[in-house]
Amino acid sequence: MSDYVSGYPEYMQASLRNVEATRAGRVGKKFTPMTAEERQRVLEEYHPDWKMDQKRKLRVGPSKGELMPHEVADILEAHCKIKPDQIDLSKIDYDVDVLIIGAGGAGLSAALLATENGIAPEDILIVQKLRLGDANSKMSQGGIQAADHPNDSPTIHYLDIIGGGHYYNKPELVEAMVKDGPDVIKWHEELGVLYDKLEDGTMQLASGGGTSRRRMHSCKDYTGLEITRVLVDEVINKEIGYVEFTSAVEFIMDDKGQVAGAVLYDMDSDEYKVARAKSTILATGGFGRLHIQNYETTNHYGATGDGIVMAYRAGANLIHLDSTQFHPTGSAYPEQIVGQLCTEKLRGRGAQPVNADGELFVYPLETRDVEASALIRECYGRDRGITTPTGMKGVWLDTPLIDIINGEGTIEREFAAMYRNYNKFGIDIRKEPMLVFPTLHYQNGGVEINVKCETSVPGLYAAGEICGGVHGKNRLMGNSQLDLYVFGRRAGKAAAERAKTAKTGKLNLDHLDRYEKWLKEGGVETERKSPMLLPEYRGEKTLEHQLKLL
Amino acid sequence: MMENNAEYVTIYVMGKKHEVPGDLTIMKAMEYAGHQFTRGAGCRGGFCGACATIYRKKGSYKLEGALACQKIVEDGMYIAQIPFSPAEKTTYSLDELRPDANTMLEYYPELSRCLACNTCTKACPQDIMVMDYVQASLRGDVTQAAKLSFDCLNCGLCAVRCPAEIVPYNVGTLARRLYAKYIDGPSQHVLDRVKEVEEGKYDEEVTKLMKVSKEELSKLYNSREIDLR
Chain A
1 MSDYVSGYPE YMQASLRNVE ATRAGRVGKK FTPMTAEERQ RVLEEYHPDW KMDQKRKLRV
61 GPSKGELMPH EVADILEAHC KIKPDQIDLS KIDYDVDVLI IGAGGAGLSA ALLATENGIA
121 PEDILIVQKL RLGDANSKMS QGGIQAADHP NDSPTIHYLD IIGGGHYYNK PELVEAMVKD
181 GPDVIKWHEE LGVLYDKLED GTMQLASGGG TSRRRMHSCK DYTGLEITRV LVDEVINKEI
241 GYVEFTSAVE FIMDDKGQVA GAVLYDMDSD EYKVARAKST ILATGGFGRL HIQNYETTNH
301 YGATGDGIVM AYRAGANLIH LDSTQFHPTG SAYPEQIVGQ LCTEKLRGRG AQPVNADGEL
361 FVYPLETRDV EASALIRECY GRDRGITTPT GMKGVWLDTP LIDIINGEGT IEREFAAMYR
421 NYNKFGIDIR KEPMLVFPTL HYQNGGVEIN VKCETSVPGL YAAGEICGGV HGKNRLMGNS
481 QLDLYVFGRR AGKAAAERAK TAKTGKLNLD HLDRYEKWLK EGGVETERKS PMLLPEYRGE
541 KTLEHQLKLL
Chain B
551 MMENNAEYVT IYVMGKKHEV PGDLTIMKAM EYAGHQFTRG AGCRGGFCGA CATIYRKKGS
611 YKLEGALACQ KIVEDGMYIA QIPFSPAEKT TYSLDELRPD ANTMLEYYPE LSRCLACNTC
671 TKACPQDIMV MDYVQASLRG DVTQAAKLSF DCLNCGLCAV RCPAEIVPYN VGTLARRLYA
731 KYIDGPSQHV LDRVKEVEEG KYDEEVTKLM KVSKEELSKL YNSREIDLR
């Protein structure tokens, strides 16, 4: 301890001493969870979703009138990047049975199940905007839920999910989740995913916010990384077709009203390409990089909500887009990693949220929306947060408790990523707490699907974060990882079955003209174009002086 | 987006000079200087390995490696990204393999070329003992190789530096998959539960929950037993 130099600035030291002074007294301290009424109140007063001036009613298309964040309405109330007459649909660059857009957990699982269900690997094409596997799936740290412990059951898991989602979830999708859950874990083990186990060979299970059992399976705090890299390895082993640094920008329809592929954009050469497919699976993930309400985000570079735009233009139903998940604990300091995820597993293993005075102010494992609201209240309602050098506020997440409670070495062993990433910026989380504030984490709503992952448009399937309805209006930790594989596998199977008999008709992009008409009818006047594909982070000065030569 | 009072430093992005705030990561500094990434950026949080970067500081002989999203710029840094490393990945059917001493060498025979020079370990931005797991693989110690390589992000920096032309990260992946499947093995309680679900043990209970009113469901949820033993 003596050689350690605090990773925090001098002016925070007094507050850090408060945290240290109360630490021993907080070990094993029970903080009473909120009542249902208290939860509702803190949500209404402090959760970003309840700020009605931050949302508007959509003015375009079949979901006209639906409330959603301005940033999401902005990408829907936008012109198409391409015009139908710019694309020669008679020149087919890729002709496949199953087209999969997105190569995170859902897309990769879908590809593997499509081959298992009789589609030849060369008749599958995965298109991916970044590299194979570079997706939010890979960034998941804390774990994956599945009710496989003897004291747990799919029924209990069902109740946790639907209560956590405030009863907005589609029951049949929740049923699919809880019943497929154990089989997903079995599948992973068969593929060689290395889960954390106890001495006796049973799974090491942790709890998460809103779970009534310990149900979180983990691979240290690299859970998503471990699962994703195994799936990527297997996709390559199976020689499934894929192309990286290629975005889908619009779906292609045919004269039977089916989705029949997509217009792709090669990010290296700026060329458009045409992919024709009998079944198309949308697995593009979420929209964290839209920075809803200017929040920082945990999401990867490509999470720009492209799939919502494409699906909506093709006529798919969207649901629950009014609801967004803010993870309670994003990094608030140091500046270099602001917004990045501090896994919920930290709280699952004993870390507590503590204010500037060193007081525990909330039950550490409320559901994410409630926990996040309580942190915002502590900073902005009660003014008991700590202000960072850049003017942001945060509270402490007291991580040294983890080793005190579970034994020395636990942090290094179970939180290798957190420990390493903070160390790089001079903070040893075994010795000092993390400074945290809620961060934009997950797109709760999205494209509506049924249990076969069919959308309302024939030929179009969807799986993963792009979908709405699975988690209702609040997702529990570890259920997005499960969602990816439950619905990715279902989508792969269903898309393969359809591709065996489906025939594509004459290709067209008429729906883009229809969309432009909808924009006009809705009175949308804008220069905006979508999908966004990548966010813009270049320096303002650079952009001011940039000449648009092309 | 960012308020910045930090002192400026000079960096050279592929040789071109830029003055950037000294507290930015390499990734943010490159963006500050006008680069828009397509390749060379991924999760931006130290979890994907897409932003593998090499650099040399002015006056230093040392070529160093880092993840651009995890490394703060330093004055006089010459920076180049390696967004892709050409690497051999053998294909295999895991079901037909065994975690024997020979398997690793059979699929990655170049392991025997390892000079034990430790360059891979020095190149690793995750501080993994890369050479140790390469050597473990060479010995056929799949368990050790799996455990030592676990924190790997497949960024590729070890592979581009290895004088023996080994691709350590692909070796690690094979070791981990073998270990997880055949040595660590499946958990019996998972298999038992899968069987119960298949036999329909929970059908009635779950169907009942699917049918009750929201009020009833909310009552059940708020009074559910919490058992976090």
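Just so you know, the sequences run in chain order A and B.
Our numbering puts the first residue of the first sequence at 1, with every later residue one more than the last.
Our numbering puts the first residue of the second sequence at 551, with every later residue one more than the last.
Cβ coordinates follow ideal geometry from the N, Cα and C atoms, glycine included.
Among the residues of its own chain, which have a CB less than 7 Å from the CB of residue i, if the five just before and after it don't count?
i	result
G539 of chain A	none
T653 of chain B	L647 and L728
K29 of chain A	L360
E536 of chain A	none
M551 of chain B	Confidence in M551 of chain B is poor, its pLDDT being 38 and thus under 50, which makes the residue's placement unreliable; the coordinate value appears in the next sentence. Taken in chain order, the list of residues that qualify is empty.
V184 of chain A	A146, L482, Y485 and V486
H217 of chain A	G143, I144, A146, I185, Y195, M203 and L205
K473 of chain A	G165, H166, Y168, H320, S323 and N444
L661 of chain B	M654, L655, V684, S687, L688, I716 and V721
Express the C-alpha separation of residue j and residue i in angstroms, rounding to a whole number.
i	j	result
A491 of chain A	E454 of chain A	8 Å
G464 of chain A	Q676 of chain B	29 Å
K238 of chain A	T641 of chain B	8 Å
Q555 of chain A	K55 of chain A	The requested residue 555 of chain A is not part of the displayed model; chain A covers only 1 to 550.
E553 of chain B	I402 of chain A	Any answer about E553 of chain B is weak, because its pLDDT of 47 lies below 50 and its placement is not dependable; what the coordinates show is given next. Cα-Cα distance, rounded: 34 Å.
I776 of chain B	T211 of chain A	8 Å
M1 of chain A	V249 of chain A	Confidence is the limiting factor: at M1 of chain A the pLDDT is only 48, short of 50, which leaves the residue's position unreliable, though a coordinate-based value still follows. If you take the alpha carbons of M1 of chain A and V249 of chain A, they lie about 54 Å apart.
E493 of chain B	H149 of chain A	The question about residue 493 of chain B has no answer here: the residues shown for chain B are numbered 551 through 779.
V457 of chain A	D254 of chain A	12 Å
L282 of chain A	D306 of chain A	10 Å
G735 of chain B	E189 of chain A	7 Å
A494 of chain A	N450 of chain A	11 Å
G595 of chain B	K758 of chain B	43 Å
Report yes or no: is there a C-beta of chain B within less than 8 Å of the C-beta of residue i?
i	result
E239 of chain A	yes
T202 of chain A	yes
S137 of chain A	no
F437 of chain A	no
F326 of chain A	no
I124 of chain A	no
K83 of chain A	no
V178 of chain A	yes
S6 of chain A	no
I87 of chain A	no
K186 of chain A	yes
Quick one: give me the first and last residue of the beta strand (DSSP E) that residue i is part of.
i	result
R131 of chain A	Per DSSP, R131 of chain A belongs to no beta strand (DSSP E) and is neither H nor E.
R313 of chain A	Per DSSP, R313 of chain A belongs to no beta strand (DSSP E); it is in the alpha helix (DSSP H), D306 to R313.
F415 of chain A	Looking at the DSSP string, F415 of chain A is not in any beta strand (DSSP E), and its letter there is neither H nor E.
R276 of chain A	Y272 to L282
P624 of chain A	Since the first residue of chain A shown is 1 and the last is 550, residue 624 of chain A is not available in this structure.
K566 of chain B	K566 to P571
E448 of chain A	G446 to E448
A21 of chain A	Looking at the DSSP string, A21 of chain A is not in any beta strand (DSSP E); the run it does join, the alpha helix (DSSP H), is Q13 to R26.
How far does the alpha helix (DSSP H) with residue i in it reach, from first residue to last?
i	result
A651 of chain B	A651 to Y657
F245 of chain A	It is not in any alpha helix (DSSP H) - F245 of chain A carries neither H nor E in the DSSP assignment.
S687 of chain B	V680 to R689
F487 of chain A	N479 to T501
Q336 of chain A	No alpha helix (DSSP H) contains Q336 of chain A, which DSSP labels as neither H nor E.
R514 of chain A	D510 to E521
Mapping the DSSP letters down to three states, classify residue i as helix, strand or coil.
i	result
C593 of chain B	coil
H70 of chain A	helix
R56 of chain A	strand
G468 of chain A	strand
Q694 of chain B	helix
D233 of chain A	helix
A714 of chain B	coil
K393 of chain A	strand
D180 of chain A	helix
E799 of chain B	With chain B covering only 551 through 779, there is no way to say anything about residue 799 of chain B.
Q258 of chain A	coil
Go through its chain and collect everything with a Cβ distance to residue i's Cβ below 6 Å, but skip five positions before and after it.
i	result
L519 of chain A	V60
V174 of chain A	Y158, I161 and I162
G590 of chain B	C601, Q631 and P633
L225 of chain A	K138
Going by beta carbon distance, what residues of the same chain come within less than 8 Å of residue i, once the five residues before and after it are set aside?
i	result
G523 of chain A	R59
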